[in-house]
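Below is one structure, written out as structure tokens, with a few remarks after it.
Residue numbers (our numbering): 251 to 422.
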């Protein structure tokens, strides 16, 4: 089989996923993660762990503490979030309902800021949180991967507690 592609044709940029599809992918994962939080018994959410891992409340707060300042950094280059203060060390609110309200606040914040991201921004290289240099789209993929990783820990916790976790593929 013969090809007649020039080097220029081979190097032409190809869109694999649109910004809108990437947002929907991320928000689909966030919807599943929210279902995992909902599935936890209130008392176990704050106390249960296996093998020295953090509680699911702590893992959830890491996801929240990365996503809120993360989307702000992605959009504007400011990797902070201050009302309320959210970062990797923010403690969980006292109730699961408050955690879910915070989760929803961050979800709405992502949806609000996403359309403000200029298309060229996705390919820019920046040190996320002042220390993780990468392209913006790779930082977004990291945020999604981190959430999936911690959600998987939640699945293990739920199964150990005898609770059937939500279907991982049901992103509705």
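Note that beta-carbon positions come from the ideal geometry of N, C-alpha and C, so glycine has one too.
Nothing here was measured: the structure is a model prediction, and the numbers come from that model.
Anticipated Cβ contact below 8 angstroms, residue 387 with residue 306, distance rounded: Reading the chain shown from its first residue, position 137 is the one you call residue 387. Reading the chain shown from its first residue, position 56 is the one you call residue 306. Not confirmed; about 29 angstroms, so no contact.
Any idea what DSSP makes of residue 378, helix, strand or coil? Here the question's residue 378 lines up with position 128 in the chain shown. Strand at residue 378.
Using a 10 Å radius around the Cβ and a threshold of 16 neighbouring Cβ atoms, would you call residue 288 buried or exposed? Against the chain shown, residue 288 aligns to sequence position 38. Classification for residue 288: exposed.
Between residue 366 and the rest of its own chain, which residues show a CB-CB distance below 6 angstroms, the 5 nearest in sequence each way excluded? Here residue 366 refers to the residue found at position 116 of the chain shown. So the qualifying residues of the chain are 325.
C-alpha distance - residue 286 paired with residue 400, whole-angstrom precision: Position 36 of the chain shown, counting from 1, holds the residue named residue 286. Position 150 of the chain shown, counting from 1, holds the residue named residue 400. For residue 286 and residue 400, the distance between alpha carbons rounds to 10 angstroms.
Residue nearest to residue 270 in terms of C-alpha spacing, selected from 413, 395, 368 and 397: The residue given as residue 270 occupies position 20 in the chain shown. Cα-wise, what sits closest to residue 270 is 368.
Give the single residue among 329, 264, 361 and 353 whose Cα lies nearest to the Cα of residue 310. Locating residue 310 in the chain shown gives position 60, where the first residue counts as 1. Taking only the C-alpha atoms, the option nearest residue 310 is 353.
Which residue from 412, 419 and 416 puts its Cα closest to that of residue 294? Counting from 1 along the chain shown, the entry for residue 294 is found at position 44. Ranking the options by Cα distance to residue 294, first place goes to 412.
Would you mind stating whether residue 349 and residue 342 have Cβ atoms separated by less than 7 angstroms? Reading the chain shown from its first residue, position 99 is the one you call residue 349. Reading the chain shown from its first residue, position 92 is the one you call residue 342. Contact flag set, yes.
Can you give me the Cβ contacts of residue 209 inside the same chain, cut-off strictly under 7 angstroms, excluding the 5 residues immediately before and after it? Any question about residue 209 goes unanswered here, given that the chain covers just 251 to 422.
Do residue 340 and residue 320 come within 7 angstroms of each other at the CB atom, strictly closer than that value? The residue labelled residue 320 in the question sits at position 70 within the chain shown. The residue labelled residue 340 in the question sits at position 90 within the chain shown. Going by C-beta atoms, residue 320 is not nearer than 7 angstroms to residue 340.
State the Cα-Cα distance for the pair residue 303 and residue 297, rounded to the nearest angstrom. Sequence index remark: in the chain shown, residue 303 carries index 53 (1-based). Sequence index remark: in the chain shown, residue 297 carries index 47 (1-based). Going from the Cα of residue 303 to the Cα of residue 297 covers about 11 angstroms.
Is it buried or exposed, residue 375, if we count other Cβ atoms within 10 angstroms and call 16 or more buried? Here residue 375 refers to the residue found at position 125 when the chain shown is read from its first residue. The residue in question, residue 375, is exposed, as its Cβ has fewer than 16 Cβ neighbours within 10 Å.
Where does the unbroken alpha helix (DSSP H) through residue 353 begin, and where does it stop? Your numbering for residue 353 matches position 103 in the chain shown. That run of the alpha helix (DSSP H) goes 346-363.
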